[in-house]
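Below is one structure; the comments refer to it alone.
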Amino acid sequence: MNLPFDPSAPNFKNAIRAIPGYPPNDDVPIQAMVFESDAYAHLPALLTQIGAAREHPLIVVADELPIRRAGVELKPLLIHFLQANGWNPELVVLTPQHGEPLHTDWFQVQRVQQQLTRGAAVVAVGSGTVTDVSKHACFLYELEYGAHIPFVVMPTANSVSAYTSNTASVEVGGVKKTLPSRYLDVLVCDVETLASAPRTASVAGIGDILVAFGSFADWFLAARVGHDKNYSDLPRTLIGPLDEIFLHEAVELRDGTPHGTALLAKLLALEGLAQSLAHTSAPFSGFEHTISHLLDLLIKQNKQPPILHGTQVVLLTILTTLAYQEFMDAFVPARVNLDACFPSRAEMQARIEKTFSALDPSGALANEFWNEYQKKLDTWHAQRATFETFLREWDSIRAELQSIVRPPQELVAILQRMGSPTHFEQLQPPLPEDEIRFAFENASFFRSRFTLGDLFIFLNWDMDRLWARIWEASRALAHLPA
Ligand SMILES: [Zn+2]
1 MNLPFDPSAP NFKNAIRAIP GYPPNDDVPI QAMVFESDAY AHLPALLTQI GAAREHPLIV
61 VADELPIRRA GVELKPLLIH FLQANGWNPE LVVLTPQHGE PLHTDWFQVQ RVQQQLTRGA
121 AVVAVGSGTV TDVSKHACFL YELEYGAHIP FVVMPTANSV SAYTSNTASV EVGGVKKTLP
181 SRYLDVLVCD VETLASAPRT ASVAGIGDIL VAFGSFADWF LAARVGHDKN YSDLPRTLIG
241 PLDEIFLHEA VELRDGTPHG TALLAKLLAL EGLAQSLAHT SAPFSGFEHT ISHLLDLLIK
301 QNKQPPILHG TQVVLLTILT TLAYQEFMDA FVPARVNLDA CFPSRAEMQA RIEKTFSALD
361 PSGALANEFW NEYQKKLDTW HAQRATFETF LREWDSIRAE LQSIVRPPQE LVAILQRMGS
421 PTHFEQLQPP LPEDEIRFAF ENASFFRSRF TLGDLFIFLN WDMDRLWARI WEASRALAHL
481 PA
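Structure, rendered in structure tokens:
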């Protein structure tokens, strides 16, 4: 199935400029995106095209992990290939610090930045971390010296959308922050390399795309209650009809065929661009990610085996899209007691303290959550008139929501075609219901981003009843015995 906006098409950049909602002042400086068999063979021509020169160093950044491409070690293959074509590749291997897994942090970024000189070019060969470290090193060098570093990314896994985004996720003081950074100049998606990555990588990539079944709606909702001014239909239009694409291509994606591999790489490229052009990760990170973050915390605290992020967010998206169906069916603005929708700061702080006291008796966690939450609560109060408009215009808002939220039934059908789990109870070991319910009912208290979960709280929705209904519905969709 053809994508409405294929990132490898020669007119791609002009085509997306015409999408309604495209920010007129945003230029995407990416020169080329290649998704092909043996795509690495284009590196010499592409490097020349973006202003790299053979007489200058070519910094190749990678991590320590061996990567096999169709049975052959990728990194030596690339180095030899570049040398044979007259380039001077210098391999910079990122090694983890203090026995921890490799992170994007200042240490790694500076390590790459120190290798950069005027005229040098960079090729990042790896996944999200290698890309973000290299990207941000180039960005900081350019800020300091005002000289552009030609920058190529050759992903080794279809796992993240970071490759084409103009932000970097950097750990600052132990906390992950999304920092403004730069775009790459060229994306080289070598199908053999991507197809050689472990299946868990593409499960992650697919999961973080499929969340859009619910997350686009959360972003829309946040805009309609006055919490996000950046909303546009651009990400939805840009990435195309995901339900149709995935229903049609599920088997190719599952089997990692050359076609399926290239398609997934394109969708991830579009996702990265969509987030960059939207100036927020919100289109692909809604209620499901909020729940997922709290669930991660519970799983860690209970010393349970972690669930693959991609699997976890997809299974949560089934629940959030069911919650949307429930909300769209049952919400009656006329029954809303408006004053009861605006709890005081003291009330909510106390509620957060009570909710999380079992998780952390010291109260530190609740305090941290409150710091994030109060921003959202303050905006909610300040936007009361916007919410009143929301209530008046509910009929038209609901109609729009219905076209944005994709049905959970379709999501389950896609996952079934891909041979993926469709319910938490199918995981080994299964995740207990009470843990997921706690995360579902309380996750909105610890993130400043507004989603459907917040609306339930402010509307004083009966959460236990809601949970019982969607949990039962999710079990029925997965054909689990009653
Ligand atoms: Zn995610």
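Oh and the sequence shown: position 29 is 29 in the working numbering, straight run, nothing missing. C-beta atoms are modelled at their ideal positions from N, C-alpha and C, and glycine is treated no differently. Computed from a predicted structure; not experimentally measured.
Whole-angstrom C-beta distance between residue j and residue i, which should lie under 8 angstroms
| i | j | result |
| --- | --- | --- |
| residue 478 | residue 426 | 7 angstroms |
| residue 322 | residue 473 | 5 angstroms |
| residue 162 | residue 128 | 4 angstroms |
| residue 191 | residue 37 | 5 angstroms |
| residue 301 | residue 359 | 7 angstroms |
| residue 187 | residue 34 | 7 angstroms |
| residue 179 | residue 167 | 6 angstroms |
| residue 118 | residue 147 | 5 angstroms |
Proximity test, residue i beta-carbon vs ligand 1 heavy atom, cut-off 8 angstroms
| i | result |
| --- | --- |
| residue 208 | yes |
| residue 8 | no |
| residue 159 | no |
| residue 211 | yes |
| residue 285 | yes |
| residue 292 | yes |
| residue 309 | yes |
| residue 289 | yes |
| residue 313 | yes |
Alpha-carbon spacing of residue i relative to residue j, whole angstroms
| i | j | result |
| --- | --- | --- |
| residue 363 | residue 211 | 32 angstroms |
| residue 139 | residue 312 | 33 angstroms |
| residue 257 | residue 297 | 36 angstroms |
| residue 143 | residue 137 | 10 angstroms |
| residue 349 | residue 339 | 18 angstroms |
| residue 21 | residue 236 | 11 angstroms |
| residue 134 | residue 122 | 8 angstroms |
| residue 373 | residue 169 | 22 angstroms |
| residue 67 | residue 156 | 8 angstroms |
| residue 125 | residue 203 | 20 angstroms |
| residue 72 | residue 197 | 13 angstroms |
| residue 306 | residue 85 | 44 angstroms |
| residue 51 | residue 131 | 20 angstroms |
| residue 424 | residue 309 | 13 angstroms |
| residue 466 | residue 326 | 8 angstroms |
| residue 4 | residue 226 | 31 angstroms |
| residue 418 | residue 262 | 17 angstroms |
| residue 39 | residue 77 | 13 angstroms |
| residue 141 | residue 451 | 37 angstroms |
| residue 247 | residue 113 | 43 angstroms |
| residue 481 | residue 213 | 26 angstroms |
| residue 220 | residue 120 | 43 angstroms |
| residue 2 | residue 239 | 11 angstroms |
| residue 412 | residue 201 | 20 angstroms |
| residue 494 | residue 342 | The question about residue 494 has no answer, for the chain in this structure spans 1 to 482. |
| residue 273 | residue 26 | 11 angstroms |
| residue 228 | residue 353 | 27 angstroms |
| residue 453 | residue 464 | 13 angstroms |
| residue 12 | residue 269 | 12 angstroms |
| residue 53 | residue 116 | 14 angstroms |
| residue 355 | residue 456 | 16 angstroms |
Residue i vs residue j beta-carbon contact at 9 angstroms
| i | j | result |
| --- | --- | --- |
| residue 165 | residue 83 | no |
| residue 436 | residue 319 | yes |
| residue 60 | residue 96 | no |
| residue 264 | residue 288 | no |
| residue 447 | residue 280 | no |
| residue 314 | residue 444 | no |
| residue 284 | residue 232 | no |
| residue 504 | residue 294 | No answer is possible for residue 504: it lies beyond the span of the chain, which begins at 1 and ends at 482. |
| residue 31 | residue 185 | yes |
| residue 449 | residue 223 | no |
| residue 458 | residue 380 | yes |
| residue 55 | residue 93 | no |
| residue 91 | residue 75 | yes |
Residue i Cβ short of 8 angstroms to ligand 2 heavy atom set
| i | result |
| --- | --- |
| residue 192 | Inclusion of ligand 2 in the displayed structure is not the case, the ligand content consisting of ligand 1 alone. |
Practice item. Kindly provide the ranges of any alpha helix (DSSP H) runs that are 4 or more residues long and lie completely inside the segment 318 to 395, ordered along the chain. Key: You should have 345 to 356, 364 to 382 and 384 to 392.
Practice item. Would you list, in sequence order, the uninterrupted alpha helix (DSSP H) runs of no fewer than 4 residues that lie entirely inside the segment 431 to 481? Key: If we require 4 residues or more, the alpha helix (DSSP H) runs fully inside the segment 431 to 481 come out as 433 to 442, 452 to 458 and 463 to 477.
Practice item. Only counting runs of 3 or more residues, tell me where the beta strand (DSSP E) segments fall wholly within the segment 135 to 190, in order along the chain. Key: List check, beta strand (DSSP E) in window: 151 to 155, 167 to 172, 175 to 180 and 186 to 190.
**Study point:** 4-residue-minimum alpha helix (DSSP H) runs that sit fully inside the segment 206 to 252, ordered along the chain
**Key:** For the segment 206 to 252, the continuous alpha helix (DSSP H) assignments of 4+ residues that do not extend past its boundaries occur at 212 to 224 and 234 to 239, in sequence order.
Check your understanding: Which ranges does the beta strand (DSSP E) cover as unbroken runs of at least 3 residues, wholly within the segment 50 to 123, from first to last along the chain?
Key -> Taking only runs of at least 3 residues, the beta strand (DSSP E) segments lying wholly in the segment 50 to 123 are 57 to 63 and 88 to 94.
Point to revise | Contained alpha helix (DSSP H) runs [length at least 4] in the segment 15 to 40, N- to C-terminal order | key: The qualifying runs do not exist here; there are none.
Point to revise | Inside the segment 270 to 307 only - alpha helix (DSSP H) runs reaching at least 4 residues | key: Within the segment 270 to 307, complete alpha helix (DSSP H) segments of at least 4 residues are found at 287 to 301, given in chain order.
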